[in-house]
Amino acid sequence: MKGFLLGIALVVLCSGQAYSQTTTAEPSPATTASSAKSTSVSTSTPSGIKTGKLAATSLPPEKSAPVSIVRFDKPPVIDGKLDDEVWSTAAVLKDFYQVQPGDNLIPQNKTEVRLGYDPRFLYIAFHCFDEPDKVRANIAKRDNIWDDDYVGILFDTFNDQRRAYEFDFNPLGVQADGIWTEGMGEDFSLDVVLESKGTVTSDGYTIEVAIPFKSLRYVAGKDKLWGVHFWRRTKRLNNSLDMWIPLDRDKSSWLAQAGHITGLDGLATERTLELIPSLTVSQTARRVRTFGVFPNTPAALTDPGRLVNEPVEIDPGLTGKYTLTPTITLDFTLNPDFAQVESDQLVVTANQRFPIFFPEKRPFFLEGIDIFTTQISAVHTRAIIDPDFAAKLTGKTGRNSFGLLLASDNGPGNFSADERTVILSSVEDTRNRYLDKNANIGILRLKRDIGKSDSFIGLLSTYYRFVDRYNVLGGFDGRFRLNKQSTFSWQALGTRTRRIHFFPEEGVFKDIPQNGFIYAISYDQSGRNFGQNFSMVGRTRYYQADVGFNRRPNTNNPNWFLRYNSDPKSKGKIVGWRVYTDFNSNFDWQGRSQNFNNETQFQLRLQRQTYIGVGMDHGYDRVFESEFGAKRQPGSNCVAENTCTFAGDDNERSTYYHDIYAYAESTPSKKYSFNMFVIHNSGAMEFDFGAGPKFPRVSPSALAAEQARQAGLCDQLPIPSICRAPQDPGPGNFWHFDGGITYLPTAAINARLTYTKEHMRRFDTGEVAFDVNIVSLRTTYQFTRFLFARGRVDYDSTVSNYKGQFLLGWTPNPGTAFYVGYNDDVNQHGFNPLSGRLEPGFRRNGRTFFIKMSYLFRRSF
């Protein structure tokens, strides 16, 4: 299989070389707009803009015709000041439209954009007129500028109306960069090497940007076009969005409404090699068992453990990128340091039946991930735990896009010290054959654009093998634009998996390969006021994506969403309102209903970026014991012996539920903002999992077994049936609240406090199943754009645990970074992680000190 994937890589690479001289047919550019030479700003009404709605056909010639970009004789100095003489020769874009909350209205403040290039760089300048004391500008971290005013750009560098680079900059020039994909939205995981500076001036703010062409994938040359959008966001004016090209709200695609630039001719043809060597030095202390104490022994029940400093770890690594052509890139990494600088946000895990999704944060996998992203989450690279090496080839030739990823992952065979002790002490432990072995992983993605807009057909295949376990996945997908408002998407995948599967009808585990299937369809219509989406996804019982993210098996989930929103009134007390209803259900492949619900919500949009919403939901939930364990067999005596998966005579549980919720968010000033959400659900299903030592199971069967244990009835043999306590799901009252406050006292300080609470009380026993409180405080001090200090403290009441993370970082550009960090993990009156016993006072579970550094070497050929 590895040979096959490598063969595919060579075929694709050769194809890229063979077709590098051909491009998709492009429309011929019309007469170009004349380049403005004056920097003065007119105070008259911008030409072509009318108060009220503006049809797309009303575009003036300077917007409907491609704009010819001027070639600069010498580069401007990127210092945020538009005082270089070369800017007076640039192409000028002006006469913006307010598209949010207004509908193509005259904006309150004027905006100008200037464009130029030389063989190596594309230059962009913004002049945003405003009252300087009202401009929101903070010294923000990269990709975290959304509390500020900012400007933005979309560059559709292939002019295919499917995918574009997005660049945003706050008034100080701090950037956020990502990929805009039609039908999928924005992904800010991309970090592009570029230069940007901004400054607040007496008449607003100005920004200068220089983007190296070698940082982009593109087509260029005579008569080639790029689709473009330029915008400006002003937070205090109801988060208003002003754009150079007006948007027709009866069209759902932004890229299909883009303006165009041309004239990018004579660019330097460069092959770029980037090498990023990295080094991480760390020391970790962990609480381990006292020497001589082994798991599952009487001594382990009272062992408090001890904190042991592990040897200092020195972990070098290398990540690289080679630009084969302007449209094809090879990424590779050897012994990468994939430790996250910041851990995942704490989430509530009580009463969760299925895995919780955590986003990818590792740069190697994030860059170019959009090519592997499909309607079904068949690729989720966090499944690749700790690769020794990985390589990724991605690109586009004509109408064809491709991606190939290969990795060797040592994570599955890297067992903990306690696990190794158990494995090596028993010759019968079957995990011996997995010890220190690697998993081999391959992902292949092919797409072909069809039609003039954002339509395609594609293929996806993944391969995962770990010793004698394997998972093969493959199938096709597509997206078709039906009209200016509507699209239809679909995907179908088949899998074959060898692992130890559980067969609930027989109540046994078997090592037998199984086939699986998953499908997804989505019809989406998005208009000015009315929109709807009908979608459906279904998975068979043994569908498995070992390189993807898996949720509920053996289910089909149709969903129909309908919404209506008002036309906005940008100066009204009520800026707009929206109402929607959503019908949702699940049924298994045996035709049995699993749940249904109907949700209705009403939302008001007010001044000062304020949203208030209320909603209600009612439905039905049903679970079967075969989803949790063995299915009871006819003639079985498991009810009398209390050994069924579910307690009692009934092999399923069901409940009707009703909930009501409300939410609000607002930004009253540039210094603070808040958000909150609260819901009460009467009749929510509690699955009888328990929530750790603090919240043991409280179902009738669990309470009866606990009473029997306290009475000493469970110490005799044979064990009485009452002591077995099978699972007993049941309904109850459920509350959830989450909220947060963000405070920015100065331009350099950003503090956010969040609180989450979940509470569940069962109807049948009246007992609290769980009561979870999670508090997080995160504060960042940005000394400069590139130097920052950050502290984060999380508290989880279910385990009485505090986690602290403290970091000093310097990140002058993507690839070059220096971090010094300290992480701590402490219990206060919590439970010993080794024995499960309650401990008084503060007890440390572990701590880590680390230094992480990397440097970008970049050379063009």
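Numbering (our numbering), first residue to last: 163 to 1023. Glycine is no exception: its CB is placed at the ideal position from the N, C-alpha and C atoms.
(1) I'd like to confirm the pairing. Which residues does DSSP put opposite Met847 in its beta bridges?
(2) Candidates Lys243, Trp722, Arg595: which alpha carbon is nearest Gly360's?
(3) Can you give me the start and stop residues for the beta strand (DSSP E) that Lys672 sits inside?
(4) Quick one, which of Pro498, Trp897, His542, Gln537 has its alpha-carbon nearest Phe551's?
(5) Pull up the distance between the alpha-carbon of Gly636 and that of Ser962, whole angstroms please.
(6) For Gln771 and His663, I'd like the C-alpha separation in whole angstroms.
(7) Nearest to Arg859 by CA position, among Thr489, Ala909, Phe790, Phe932, is which residue?
(8) Which first and last residues belong to the beta strand (DSSP E) in which Gln869 is found?
(9) Checking 8 Å against the spacing of the C-beta atoms, do Lys413 and Lys614 come in under that value?
(10) Can you name the residues that DSSP bridges to Glu274?
(11) Hey, is Met847 close to the ligand PLP, as in C-beta under 7 Å from one of its heavy atoms?
(12) Go ahead and pull the three-state DSSP assignment for Lys296.
(13) Among residues of its own chain, excluding the 5 on either side of Gly693, which ones have a beta-carbon nearer than 7 Å to its beta-carbon?
(14) Take the Cβ of Arg276 as the centre, count every other Cβ of all protein chains shown within 10 Å, and call the residue buried at 16 or more, exposed below.
(15) CB Asn994 to CB Pro466, shorter than 8 Å?
(16) Per DSSP, which residues does Gln653 bridge with? Please list them.
(17) Going by beta carbon distance, what residues of the same chain come within less than 6 Å of Leu435, once the five residues before and after it are set aside?
(18) So for Val455, helix, strand or coil by DSSP?
(19) Are the CB atoms of Tyr825 and Gly781 nearer to each other than 8 Å?
(20) Which two residues bound the contiguous beta strand (DSSP E) that contains Glu357?
(21) How would you write the range of the alpha helix (DSSP H) that Ala802 sits in, first residue to last?
(22) Val509: buried (16+ other C-beta within 10 angstroms of its C-beta) or exposed?
(23) What span of residues does the beta strand (DSSP E) with Phe1019 cover, start to end?
(24) Can you have a look at Gln323 and say buried or exposed, based on whether 16 or more other CB atoms are within 10 angstroms of its CB?
(25) Under 8 Å by Cβ, that's how I've got Ala430 and Pro281 pegged, so tell me the actual separation to the nearest angstrom.
(26) In or out: Ser206 buried (at least 16 other Cβ within 10 Å) or exposed?
(27) Would you check if the distance between the CB atom of Asp783 and the CB atom of Ser747 is smaller than 8 Å?
(28) Run through the DSSP bridge pairs and tell me what Ser351 is partnered with.
(29) Please list, in chain order, all residues of the same chain as Asp506 whose beta carbon is under 6 Å from its beta carbon, the five residues on each side excluded.
(30) I'd like to check one pair, Arg713 with Phe851: are the Cβ atoms closer than 8 Å?
(31) For Ile612, tell me which candidate among Gly640, Ile605, Lys523, Leu622 has the shortest Cα-Cα distance.
(32) Secondary structure at Lys376, three-state DSSP: helix, strand or coil?
(33) Would Arg754 be called buried (16 or more neighbouring beta carbons within 10 Å of its own) or exposed?
(34) For the alpha helix (DSSP H) holding Glu328, just list the boundary residues, first then last.
(35) In three-state terms, what does DSSP make of Phe932?
(36) Can you have a look at Glu247 and say buried or exposed, based on whether 16 or more other CB atoms are within 10 angstroms of its CB?
Based on what the coordinates show:
(1) Residue 847 sits at position 685 when you count from the first residue of the sequence shown. Answer is Pro893.
(2) By 1-based counting over the sequence shown, the position of residue 360 is 198. Nearest C-alpha to Gly360: Lys243.
(3) Stepping through the sequence shown from its first residue, residue 672 is reached at position 510. For Lys672, the enclosing beta strand (DSSP E) stretches over residues 670 to 673.
(4) Translated into the one-based positions of the sequence shown, residue 551 becomes position 389. Here the closest residue by C-alpha is Pro498.
(5) The sequence position of residue 636 within the sequence shown is 474, counting from 1. The sequence position of residue 962 within the sequence shown is 800, counting from 1. Cα-Cα distance, rounded: 45 Å.
(6) One-based indexing of the sequence shown puts residue 771 at position 609. One-based indexing of the sequence shown puts residue 663 at position 501. Each residue's alpha carbon lies about 51 Å from the other.
(7) Walking along the sequence shown from the start, residue 859 turns up at place 697. Of the listed residues, the one whose Cα sits closest to Arg859 is Phe932.
(8) The residue you call residue 869 lines up with position 707 of the sequence shown. Where Gln869 is concerned, there is no enclosing beta strand (DSSP E), although the alpha helix (DSSP H) it sits in stretches over 862 to 872.
(9) Against the sequence shown, residue 413 aligns to sequence position 251. Against the sequence shown, residue 614 aligns to sequence position 452. No, Cβ-Cβ distance for Lys413 and Lys614 is not below 8 Å.
(10) As a position in the sequence shown, residue 274 is number 112, starting the count at 1. Per DSSP, His289.
(11) Inclusion of the ligand PLP in the displayed structure is not the case, the ligand content being empty and no account of it being possible.
(12) Within the sequence shown, residue 296 is the residue found at index 134, counting from 1. DSSP places Lys296 in helix when its eight states are reduced to three.
(13) Locating residue 693 in the sequence shown gives position 531, where the first residue counts as 1. Taken in chain order, the residues that qualify are Gln687, Arg725.
(14) Here residue 276 refers to the residue found at position 114 when the sequence shown is read from its first residue. Arg276 should be labelled buried.
(15) One-based indexing of the sequence shown puts residue 994 at position 832. One-based indexing of the sequence shown puts residue 466 at position 304. Against a cut-off of 8 Å, the Cβ pair of Pro466 and Asn994 comes out as a contact.
(16) Indexing the sequence shown from 1 puts residue 653 at position 491. For Gln653, which the question treats as bridged, DSSP gives the partners Asp639, Ala682.
(17) As a first step, residue 435 is located in the sequence shown; it is residue number 273 there, counting from the start. Excluding residues within five positions, the ones whose Cβ falls inside 6 Å are Tyr484, Arg1021.
(18) Here residue 455 corresponds to residue number 293 of the sequence shown, with the count starting at 1. Val455 sits in coil when the DSSP states are folded into three classes, being neither helix nor strand.
(19) Walking along the sequence shown from the start, residue 825 turns up at place 663. Walking along the sequence shown from the start, residue 781 turns up at place 619. No, the pair does not count as a contact, with Cβ atoms beyond the cut-off.
(20) On the sequence shown, residue 357 is found 195 positions in, with the first residue counted as 1. Per DSSP, Glu357 belongs to the beta strand (DSSP E) from 357 to 363.
(21) In the sequence shown, the residue the question calls residue 802 occupies position 640. Unbroken alpha helix (DSSP H) run through Ala802: 800 to 803.
(22) Within the sequence shown, residue 509 is the residue found at index 347, counting from 1. Exposed, since its Cβ has fewer than 16 Cβ neighbours within 10 Å.
(23) For the purposes of this step, residue 1019 is taken as the residue at position 857 of the sequence shown. It spans 1019 to 1022 - the beta strand (DSSP E) in which Phe1019 sits, taken as one unbroken run.
(24) Residue 323 sits at position 161 when you count from the first residue of the sequence shown. So Gln323 ends up on the buried side.
(25) Residue numbering aside, residue 430 sits at position 268 when the sequence shown is read from its first letter. Residue numbering aside, residue 281 sits at position 119 when the sequence shown is read from its first letter. Confirmed, about 4 Å.
(26) Along the sequence shown, one-based indexing puts residue 206 at 44. With a pLDDT of 34 at Ser206, under the threshold of 50, the modelled position of this residue cannot be trusted; read the value that follows with caution. Answer is exposed; the Cβ neighbour count stays below 16.
(27) Here residue 783 refers to the residue found at position 621 when the sequence shown is read from its first residue. Here residue 747 refers to the residue found at position 585 when the sequence shown is read from its first residue. Going by C-beta atoms, Asp783 is not nearer than 8 Å to Ser747.
(28) Walking along the sequence shown from the start, residue 351 turns up at place 189. Per DSSP, none; premise fails for Ser351.
(29) In the sequence shown, counting from the first residue as 1, residue 506 sits at position 344. For Asp506, where only same-chain residues beyond five positions count, the Cβ hits under 6 Å are Phe520.
(30) Working through the sequence shown from its first residue, we reach residue 851 at position 689. Working through the sequence shown from its first residue, we reach residue 713 at position 551. The answer is no: Cβ separation not under 8 Å.
(31) For the purposes of this step, residue 612 is identified with residue 450 of the sequence shown, where counting begins at 1. Ile612 has its Cα closest to that of Gly640, out of Gly640, Ile605, Lys523, Leu622.
(32) Within the sequence shown, the letter at position 214 stands for residue 376. Helix at Lys376.
(33) Here the question's residue 754 lines up with position 592 in the sequence shown. Exposed, by the Cβ-count rule.
(34) In the sequence shown, residue 328 corresponds to position 166, counting from 1. DSSP places Glu328 outside any alpha helix (DSSP H); the residue lies instead in the beta strand (DSSP E), whose first and last residues are 325 to 331.
(35) Here the question's residue 932 lines up with position 770 in the sequence shown. Strand, per DSSP.
(36) Numbered from 1 along the sequence shown, position 85 holds the residue referred to as residue 247. Glu247 is exposed by the Cβ-count criterion.
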